[in-house]
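Enquirer:
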Amino acid sequence: VSGTTAVRGPAALIERESVDTDTIYPFEFNAEALEHGRKLALFGHWRRQDPAFALNQPGADAATVLVAGAEFGIGSSREMAVWALKDWGFGAVVAPSFGQIFKLNCGQNGVVAAEVSVTDHAELVDELRRRPGEEVVVELASSTVVAGQLHIPFAMDEFARRQILDGSSELDLILERADAIATYEETRAEWLPSTDRLDTWSRP
Amino acid sequence: MTSAPQTLFAKLWDRHVVADAGDRDLLFVDLHLIFEGTSKEAFAGLDDDGLPVRRPDLTLGTVDHFSPTNGVAREQVGSETALYLDLFDSNCRRHGIRYFGYQHAQQGIVHVMAPELGLTLPGMSVVCGDSHTSTHGALGALAFGIGSTQVRQVLAAQALLVARPRAMRIVVDGELAPGVSSKDLALALIGELGNLAAVGCALELTGTAVRSMSVESRMTLCNMGVELGASMTMIAPDETVVEFLRDRPAAPSGTAWEEAVRDWRELRSDEGAVFDQDLHFDARTARPFVTWGTSPAHAVAIDAVVPDPGELATREQVDSAWKALTYMDLEPGRPMRSIGIDAVFIGSCANSRIEDLRAAASVLEGRHLAIGVRGFVVPGSAAVRRQAEAEGLAAVFEGAGMEWREPGCSFCVAVNGDTFAPGTRTVSTSNRNFEGRQGALVRTHLASPAVAAASGVAGRICAPDDLEVVA
Chain G
1 VSGTTAVRGP AALIERESVD TDTIYPFEFN AEALEHGRKL ALFGHWRRQD PAFALNQPGA
61 DAATVLVAGA EFGIGSSREM AVWALKDWGF GAVVAPSFGQ IFKLNCGQNG VVAAEVSVTD
121 HAELVDELRR RPGEEVVVEL ASSTVVAGQL HIPFAMDEFA RRQILDGSSE LDLILERADA
181 IATYEETRAE WLPSTDRLDT WSRP
Chain C
205 MTSAPQTLFA KLWDRHVVAD AGDRDLLFVD LHLIFEGTSK EAFAGLDDDG LPVRRPDLTL
265 GTVDHFSPTN GVAREQVGSE TALYLDLFDS NCRRHGIRYF GYQHAQQGIV HVMAPELGLT
325 LPGMSVVCGD SHTSTHGALG ALAFGIGSTQ VRQVLAAQAL LVARPRAMRI VVDGELAPGV
385 SSKDLALALI GELGNLAAVG CALELTGTAV RSMSVESRMT LCNMGVELGA SMTMIAPDET
445 VVEFLRDRPA APSGTAWEEA VRDWRELRSD EGAVFDQDLH FDARTARPFV TWGTSPAHAV
505 AIDAVVPDPG ELATREQVDS AWKALTYMDL EPGRPMRSIG IDAVFIGSCA NSRIEDLRAA
565 ASVLEGRHLA IGVRGFVVPG SAAVRRQAEA EGLAAVFEGA GMEWREPGCS FCVAVNGDTF
625 APGTRTVSTS NRNFEGRQGA LVRTHLASPA VAAASGVAGR ICAPDDLEVV A
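Protein chains in written order, with the working numbering: chain G, 1 to 204; chain C, 205 to 675.
(1) Cβ closer than 9 angstroms: which chain G residues qualify as neighbours of MET328 (chain C)?
(2) Drop a sphere of 10 angstroms on the beta-carbon of SER283 (chain C), count the other beta-carbons inside from all chains shown, and report buried for 16 or more, exposed for fewer.
(3) Determine the DSSP secondary structure at MET372 (chain C), reduced to helix, strand or coil.
(4) Could you pull out every residue in the same chain whose Cβ sits closer than 7 angstroms to the Cβ of ARG664 (chain C), ignoring the five residues on either side in sequence?
(5) Figure out for me which residue from C:LEU250, C:SER386, C:HIS340 has the closest Cα to the Cα of ALA682 (chain C).
(6) Is the Cβ-Cβ distance between GLY322 (chain C) and ARG452 (chain C) less than 7 angstroms?
(7) So what's ALA189 (chain G) in DSSP terms, helix, strand or just coil?
(8) Suppose contacts are defined by Cβ-Cβ distances below 7 angstroms. Is LEU346 (chain C) in contact with GLN357 (chain C) by that definition?
(9) Please list, in chain order, all residues of the same chain as ASN295 (chain C) whose beta carbon is under 6 angstroms from its beta carbon, the five residues on each side excluded.
(10) How far does the alpha helix (DSSP H) with VAL661 (chain C) in it extend, from its first residue to its last?
(11) Can you find a C-beta in chain C that's less than 7 angstroms from the C-beta of ASP22 (chain G)?
(12) Where do the N-terminal and C-terminal ends of the alpha helix (DSSP H) with ASP486 (chain C) fall, by residue?
(13) Against chain C, does PRO204 (chain G) count as a neighbour if the rule is that its beta carbon must be under 7 angstroms from one of theirs?
(14) Is the segment 394-404 of chain C touching the segment 512-527 of chain C in the sense that three or more CB pairs, one from each, lie closer than 8 angstroms?
(15) What residue range does the beta strand (DSSP E) around ILE550 (chain C) cover?
(16) Should GLU639 (chain C) be flagged as near chain G, meaning a C-beta pair shorter than 7 angstroms?
(17) Taking the alpha-carbon of VAL330 (chain C) as reference, which of C:TRP608, C:TRP217, C:GLY570, C:GLU470 has the nearest alpha-carbon?
(18) Using alpha carbons as the reference points, say which of C:SER385, C:ALA360, C:GLY333, C:PHE493 lies closest to ARG253 (chain C).
(19) Going by DSSP, what residue range makes up the beta strand (DSSP E) through VAL494 (chain C)?
(20) Does chain G have any CB closer than 7 angstroms to the CB of ASP669 (chain C)?
(21) Could you say if the segment 561-581 of chain C and the segment 594-604 of chain C meet the contact criterion of at least three C-beta pairs nearer than 8 angstroms?
(22) Please report the distance separating the alpha-carbon of ALA54 (chain G) from that of ARG466 (chain C).
(23) Just verifying my parser: in three-state terms, what is the DSSP assignment at LYS215 (chain C)?
(24) Listing by chain order, which chain C residues have their CB less than 9 angstroms from the CB of PHE90 (chain G)?
(25) Counting only beta-carbon separations shorter than 7 angstroms, does GLU158 (chain G) have a partner in chain C?
(26) Could you pull the start and end residues of the alpha helix (DSSP H) that LEU128 (chain G) belongs to?
(27) Could you check what DSSP says for GLY241 (chain C) in three-state terms: helix, strand or coil?
(28) Flag this pair as yes or no: are the beta carbons of GLY301 (chain C) and GLY265 (chain C) separated by less than 7 angstroms?
(29) Starting from the beta carbon of TYR184 (chain G), find every residue of chain C whose beta carbon is closer than 7 angstroms, and list them in chain order.
(30) Counting only beta-carbon atoms, is GLY660 (chain C) nearer than 7 angstroms to chain G?
(31) Is it buried or exposed, ASP20 (chain G), if we count other Cβ atoms within 10 angstroms and call 16 or more buried?
(32) Just to check my reading of the structure: PRO653 (chain C) and ALA564 (chain C) have Cβ atoms closer than 8 angstroms, yes? What is that Cβ distance to the nearest angstrom?
(33) Going by C-alpha to C-alpha distance, which of C:ALA657, C:CYS666, C:ALA618 sits closest to ALA644 (chain C)?
(34) Need the endpoints of the beta strand (DSSP E) that HIS572 (chain C) sits in, please.
(35) When DSSP labels each residue in this structure, what does THR412 (chain C) get in the three-state scheme?
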């Protein structure tokens, strides 16, 4: 499987800190999203409540890079947040910091979670304010975000970067080590509990 | 030769390493907890791969997120809930996984149910597709939340590739004042340190205040560790934990118990162990805390006023704080205790254990909710519900005009039909006050069970001490 080397396309800009995954994927729209696609739920409340919201702007449908404030994706582990971003078309999120589980979920789904410095982020925001919807390139090999004249370095999880570059499956990497898992299982302490011990429970 | 002093975290981590995979370690999972919400896509993926569940005997399921709490018959639940309950049922049956379905006698919030059965033990690794898996760290377990893709990996392999976090410690010195709970301490810590203070870190909590806490209080504290951004949160197991676990149904017995307890005594940070970050916090400065905004870090002491966003450092911070205040319909300088409320929720994996219900009931005894205020008490598990009824707590709640519900996540995450109407202002013992978390345009103030109960009686945010003495 060949991977991705860069994410390129129009940017959407969310100037807000501490955007949580409940806000990114409000469960209120989950039933609809299960039926018609995850992007229906993406920022479900904000898209319905605020005409000025980034994803309500002309051209936002085509956006592939999301530039967001610090602490993006805090809170719930719901991977639906990443699935919805991906379903919208986003291949990269650029922010000064991310919630931990959200960042890992991005890696699992081939979405680049690019961390930039607060100073660089402010410059990128100014650039996108001047030129809304400008094309941005998130270049994986050089770890650079390019927007107009700006060339900004970013950091990301190295493991996730390799996964995205070569398109490999994390589950395959784990299953390759099935023998080591079996060996480990032999050494586990006797006192560790198993649900089998609870014979008063009926196995369904 | 003596080995270098180790942290509790290093001891817990090292004993679960199956293989070194470069910048990740392959960790074995001793207990995989699953529920209907985040396992749906994981099972679908497993089917796509044509793989079996490697260790159904180390996997346990329950329903909590979508589980109705109003006692509705199984046949009458709404279509979205029915979809999740049905799929969970068939997935567990197909793979031979034990689980507690809707209205089962052991069903409950996954993080309340497993510890009360003695299934979470010190020294174990515990994962679940829910961020509040950090709760189990209160027993001295290596516990962390994962996404659905990782749930699929654990189902298939009982192991996960995880980057080793940095070690962080917060020593909470001194004792908490009477009337100040571990929830208040958690909100005080998050309010001072921020949403991502512990990001990338395994956080150990220790110090006099923590060591003197009950296991239930420790669970509340570790539950909130994820709101500090920590990858995992843990407290060294001690005699309090051993006594909590003794004779629980899934805990070992006889010589296995003795062997386990001997092992657990080693599970503490050695004298001189080095932490990448080491902070101290004075427990004596903690007071009842509540949130004013839309993240857990928006927390202040109950006798404080709504803060002024103008005092924040960056443009985005100022802007975000103003948006939070607009959402909450509050203005800077307003005393927290002047804020009128419409509803109270006592429940969630933060605060739905028996100790939490006792704290709320002790405030509500002989009192009643203010006119126009609705109240809901949702026990964390069927077992907690039975105990609360046996102790007479349920009667206190109903006497105070609160609704006494069946166990589940309920109004904390509002996906099971338990939602408040737009514009409702709540005091909630849950762990998140994000926009829309309890329903569209609902305004949530996080607090302890005692503060939530007192606020319901007064009809405004307040502490138990603010209430008139019951004659």
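Yeah, the Cβ is synthetic: ideal placement off N, Cα and C, and Gly gets one too. As the structure is a prediction and not an experimental result, all values here were calculated from the model.
Expert: The structure says:
(1) LEU192, PRO193
(2) exposed
(3) Strand at MET372 (chain C).
(4) ARG541, SER542, ILE543, GLY544, ILE545
(5) Beyond the ends of chain C as shown, which are 205 and 675, falls residue 682 (chain C); an answer cannot be given.
(6) yes
(7) coil
(8) no
(9) Result list for ASN295 (chain C): PHE247, in chain order.
(10) 653-662
(11) yes
(12) Not the alpha helix (DSSP H): ASP486 (chain C) falls in the beta strand (DSSP E), residues 481-486.
(13) At PRO204 (chain G) the pLDDT is 39, less than 50, meaning the model places this residue with poor confidence; the figure from the coordinates comes in the next sentence. So yes, PRO204 (chain G) belongs to the interface.
(14) no
(15) Segment 547-550, the beta strand (DSSP E) holding ILE550 (chain C).
(16) yes
(17) Shortest Cα-Cα distance from VAL330 (chain C) to any of C:TRP608, C:TRP217, C:GLY570, C:GLU470 involves C:TRP217.
(18) Going by the sequence as given, residue 253 (chain C) is Asp instead of Arg. Per the Cα distances, C:ALA360.
(19) 493-495
(20) no
(21) Touching, yes, given that three or more Cβ pairs across the two stretches are closer than 8 angstroms.
(22) 57 angstroms
(23) helix
(24) Under the 9 angstroms cutoff, chain C gives no residues; its nearest Cβ is about 17 angstroms from PHE90 (chain G).
(25) yes
(26) Segment 118-130, the alpha helix (DSSP H) holding LEU128 (chain G).
(27) helix
(28) The residue asked about is misnamed: residue 301 (chain C) is Ile in this sequence, not Gly. A contact, by the Cβ cut-off of 7 angstroms.
(29) Simply VAL222, PHE232.
(30) no
(31) buried
(32) 4 angstroms
(33) C:ALA618
(34) Taken as a continuous stretch (DSSP letters only), HIS572 (chain C) belongs to no beta strand (DSSP E), as it is neither H nor E.
(35) helix
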